[in-house]
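Q: The sequence shown maps to residues 1 to 474 in the numbering used here. Even for Gly, the Cβ is constructed at its ideal location relative to N, Cα and C. Since the model is a prediction, treat every value here as computed from it, not as a measurement. Got a structure for you, written out below as structure tokens; questions coming shortly.
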Amino acid sequence: MRVKFILPALTEARGPYWRPIKYSLFPPLGLATLAGYLQVDDEAWIQDEHVEELRLDDRPDLVVIQVYITNAYRAYRIADSYRKRGIFVCLGGLHVTSLPEEAKPHADAIFIGPGEDTFPKFLDDFRSKKAKEVYVSFERSLAGMPKVRRDLINRRLYLVPNSIVVSRGCPHHCDFCYKDAFFQGGKSFYTQLVDDALAEIERLPGRHLYFLDDHLLGNAKFAAALFEGMRGMNRVFQGASTVDAILRGNLIEKAAEAGLRSLFVGFETLSEENLRSSNKKQNLGKDYQKAIQRLDNLGVMINGSFVFGLDDDHPDVFKTTVDWAVANGITTATFHILTPYPGTRLYADMERQGRIKTRNWDLYDTRHVVYETRNLSADELKRGYDRAYRDFYSWSNIFKAGLQHEAPKHMFKHWAYAGGWKKFEAVWNFLIKTKQLNNTLPVLEAVLSKVCNRHKENSDQSVEGTVALHEQTT
Ligand code: B12
Ligand code: SF4
Numbered sequence: 001m002r003v004k005f006i007l008p009a010l011t012e013a014r015g016p017y018w019r020p021i022k023y024s025l026f027p028p029l030g031l032a033t034l035a036g037y038l039q040v041d042d043e044a045w046i047q048d049e050h051v052e053e054l055r056l057d058d059r060p061d062l063v064v065i066q067v068y069i070t071n072a073y074r075a076y077r078i079a080d081s082y083r084k085r086g087i088f089v090c091l092g093g094l095h096v097t098s099l100p101e102e103a104k105p106h107a108d109a110i111f112i113g114p115g116e117d118t119f120p121k122f123l124d125d126f127r128s129k130k131a132k133e134v135y136v137s138f139e140r141s142l143a144g145m146p147k148v149r150r151d152l153i154n155r156r157l158y159l160v161p162n163s164i165v166v167s168r169g170c171p172h173h174c175d176f177c178y179k180d181a182f183f184q185g186g187k188s189f190y191t192q193l194v195d196d197a198l199a200e201i202e203r204l205p206g207r208h209l210y211f212l213d214d215h216l217l218g219n220a221k222f223a224a225a226l227f228e229g230m231r232g233m234n235r236v237f238q239g240a241s242t243v244d245a246i247l248r249g250n251l252i253e254k255a256a257e258a259g260l261r262s263l264f265v266g267f268e269t270l271s272e273e274n275l276r277s278s279n280k281k282q283n284l285g286k287d288y289q290k291a292i293q294r295l296d297n298l299g300v301m302i303n304g305s306f307v308f309g310l311d312d313d314h315p316d317v318f319k320t321t322v323d324w325a326v327a328n329g330i331t332t333a334t335f336h337i338l339t340p341y342p343g344t345r346l347y348a349d350m351e352r353q354g355r356i357k358t359r360n361w362d363l364y365d366t367r368h369v370v371y372e373t374r375n376l377s378a379d380e381l382k383r384g385y386d387r388a389y390r391d392f393y394s395w396s397n398i399f400k401a402g403l404q405h406e407a408p409k410h411m412f413k414h415w416a417y418a419g420g421w422k423k424f425e426a427v428w429n430f431l432i433k434t435k436q437l438n439n440t441l442p443v444l445e446a447v448l449s450k451v452c453n454r455h456k457e458n459s460d461q462s463v464e465g466t467v468a469l470h471e472q473t474t
């Protein structure tokens, strides 16, 4: 059987926000995970349209498409074009799970929720010509899952080819997050077996890993065993966590000892009222500065995530947030305009209140205002968001934020990392165009290699850092 897996990109709407480097950072793993369920004599291809031109004139036996909210229209068009030629098309992923009725007319089979239980069932049905129209996931487990088909990923097209995901979902329930909508009807947070995760890490070449997990520290027992197992592996890695997990016990020290060098942290808002109203309980009453200090002492860089537009945000929120992030030495920041994804509690609330202004999913990219705002106008929100990015990444603020670190090497690393990420777009574009991006990883690693920090200096050691630039969403 010949199976083509496609991750469509938001190509038609490539506007001022299209940053090729953001989409060439690391390979997403959904389709390579599903491809693991094929048989050895099946032929398969994965095409990630973010990094390569799609071929749509071929004739595979089966087309499998992953649908996010912002690629949904593009995904439907691609699906329609294959179906017109009689080719069987599967659609699945976050957006299909949120809005199955919208997706159905574009597919022969749709999939609700994660694919580890439904996709192998479908493949059996398809082979015996008994495929159903809808598959719904209920059994959630990563035990015994086949190897991710990394051989189908074109590693050369990504800066950091070693992405890895060792869990699904998250233990928390923030109102604006996709995760409860996606994992409805079953477990919404589960991990691989530690030994399987370690074996997968062992198989990855090079040193650097990028964990795509929503919350790598979400299961303390699992994470402690994982980091323990990674200690001798000489790895460096990046991942994501919540503030409370950084503050609890000594898990974060274990992570740093295992090679954690940069962490995506969901601060989201400095307003307690916003935290309460969006059910982000795990951040309530938590000392953000203490968490930052702890990471800084370990030499771990921070990518802070912030959401603008919650109901307790006022016109001063942008300046306050940027000043706070700079004063606390946050290395990189990801700002979002609040976006009510269909299927979330936030969306249901906004819909009930008549506040959804558009259902053009292309605009649900966290850069546009798609709902009726409260204490700031839509225009203030949009302009404030754009300004926050500009201000945070001004050279003077990059410099100022870098000065907040005690260890001089951490300072230099901060400047190189933040500057490299946002200030050399033309260089990134050139490297991508000439397909040299991946070749630069060792050079970049060398530039930022040594990270001395208090924790390690105390024990008279130094550790190596890494440069892989990050912009992950949680
Ligand atoms: C890698 C990643 C990116 C990368 C690359 C993505 C890309 N090339 O498109 C970058 C950094 C560029 C990125 C950008 C964005 N991202 Co992003 N990203 C991720 C991340 C961290 C990992 C994805 C992954 O590989 N997961 C691991 C695999 C195993 O899981 P999976 O992809 O969900 O696949 C499983 C199921 O979905 C299912 N499945 C999927 N497709 C199909 C198809 C079929 C037929 C079947 C059977 C099953 C199936 O089976 C798979 C195995 O279980 C996720 C968070 C996460 N933990 O998933 C966010 C996430 C997908 N991103 C998100 C968002 C919001 C964005 C942005 C809009 C943010 C922004 N402001 O820029 C952009 C736009 C991206 C786009 N093109 O639409 C949201 C999506 C919300 C939504 N409702 O769509 C997520 C969920 C983060 C979050 N917590 O909110 N992202
Ligand atoms: S926003 Fe982050 S912490 Fe909250 S539920 Fe989603 S993944 Fe978990």
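1) Going by beta-carbon coordinates alone, are S262 and V317 separated by less than 8 Å?
2) For A72 and V89, I'd like the C-alpha separation in whole angstroms.
3) At a cut-off of 7 Å, would you count C170 as near the ligand SF4, judging by its Cβ distance to the nearest heavy atom?
4) Determine, using beta-carbon pairs with one atom in the segment 203 to 222 and one in the segment 244 to 257, whether at least three such pairs fall under 8 Å.
5) Excluding five sequence neighbours on each side, which residues of the same chain lie with their C-beta closer than 7 Å to the C-beta of F183?
6) Examine the ligand B12 and report whether any of its heavy atoms sits within less than 7 Å of the Cβ of F119.
7) What residue from E406, I87, R367 and N375 has the CA that sits closest to R387's CA?
8) So for K104, helix, strand or coil by DSSP?
9) Please determine if the segment 131 to 146 and the segment 219 to 239 are in contact, where contact requires at least 3 C-beta pairs separated by less than 8 Å.
10) Give me, in chain order, the residues of the same chain whose beta-carbon lies closer than 7 Å to that of A35; leave out the 5 immediate sequence neighbours on both sides.
11) Assign L448 to buried or exposed, taking buried as 16 or more other Cβ atoms, counted over all protein chains shown, within 10 Å of its Cβ.
12) Kindly give me the distance between the Cβ atoms of L258 and F227, rounded to whole angstroms, as I take these residues to be in contact under 8 Å.
13) From W476 to Y389, what distance separates their C-alpha atoms?
14) I'd like to confirm something about E268: is its beta-carbon nearer than 7 Å to some heavy atom of the ligand B12, or not?
15) Kindly provide the ranges of any alpha helix (DSSP H) runs that are 4 or more residues long and lie completely inside the segment 10 to 71, ordered along the chain.
16) Over the uninterrupted beta strand (DSSP E) stretch that includes V236, give me the two end residues.
17) DSSP on K4, reduced to helix/strand/coil?
18) How would you call L7, buried or exposed, if buried means at least 16 neighbouring beta carbons within 10 angstroms?
19) Helix, strand or coil for H208, going by three-state DSSP, please let me know.
20) Buried or exposed, going by whether 16 or more other CB atoms sit within 10 Å of the CB of H405?
21) Given 8 Å as the limit, is there contact between the segment 49 to 58 and the segment 186 to 201, that is, 3 or more CB pairs closer than that?
22) Within 10 Å of its beta-carbon, does V370 have 16 or more other beta-carbons around it, so buried, or fewer, so exposed?
23) Got a sec: does the ligand B12 put a non-hydrogen atom nearer than 7 Å to the Cβ of V64?
24) Please report the straight-line C-alpha distance between K422 and G86, rounded to a whole angstrom.
25) Just the Cα atoms here: how many angstroms apart are I78 and R2?
26) Exposed or buried, what is T358 when buried is set at 16 or more other beta-carbons lying within 10 Å of its beta-carbon?
27) Ends of the alpha helix (DSSP H) at I302?
28) Between the alpha carbons of L310 and Q293, how many angstroms are there, rounded?
29) Heavy atom of the ligand B12 less than 7 Å from the Cβ of N279, yes or no?
30) Which class does L346 belong to by DSSP, given the choice of helix, strand or coil?
31) Checking the sheet assignment: what are the DSSP bridge partners for E268?
32) For the ligand B12, is there any heavy atom lying closer than 7 Å to the beta carbon of H50?
33) Give the straight-line distance between the Cα atoms of R235 and R207, rounded to the nearest whole angstrom.
34) Does the contact criterion of 3 or more C-beta pairs under 8 Å hold for the segment 100 to 112 versus the segment 134 to 145?
35) Might you give, ordered along the chain, the residues of its own chain that have their beta carbon closer than 7 Å to the beta carbon of D175, omitting 5 neighbours on each side?
36) Can you round the beta-carbon distance between A181 and S98 to whole angstroms, since I take them to be within the 8 Å contact cut?
A: From the atom records:
1) Contact flag unset, no.
2) Whole-angstrom Cα-Cα distance: 14 Å.
3) It does: the Cβ of C170 is within 7 Å (strictly closer) of some heavy atom of the ligand SF4.
4) yes
5) Same-chain partners within the cutoff: G113 and G169.
6) yes
7) R367
8) helix
9) No: fewer than three Cβ pairs fall under 8 Å.
10) F5, A44, I46, R149 and L152
11) Any answer about L448 is weak, because its pLDDT of 44 lies below 50 and its placement is not dependable; what the coordinates show is given next. It counts as buried.
12) Per the sequence shown, residue 258 should be read as Ala rather than Leu. Going by Cβ atoms, the distance from A258 to F227 rounds to 4 Å, so yes, they are a contact pair.
13) The shown model of the chain, from 1 to 474, leaves out residue 476, and the question about it has no answer.
14) no
15) 20 to 23 and 30 to 35
16) V236 to S241
17) strand
18) buried
19) strand
20) Classification for H405: buried.
21) no
22) buried
23) yes
24) 45 Å
25) Their Cα atoms are separated by approximately 17 Å.
26) exposed
27) Per DSSP, I302 belongs to no alpha helix (DSSP H); it is in the beta strand (DSSP E), M301 to F308.
28) A straight line joining the alpha-carbon of L310 with that of Q293 spans about 27 Å.
29) no
30) helix
31) F306
32) yes
33) Rounded to the nearest whole angstrom, the C-alpha separation of R235 and R207 is 5 Å.
34) Yes, since at least three Cβ pairs between the segment 100 to 112 and the segment 134 to 145 fall closer than 8 Å, the two stretches touch.
35) S278, N279, T344, R345 and L346
36) Cβ atoms of A181 and S98 come within 8 Å of each other, at about 5 Å.
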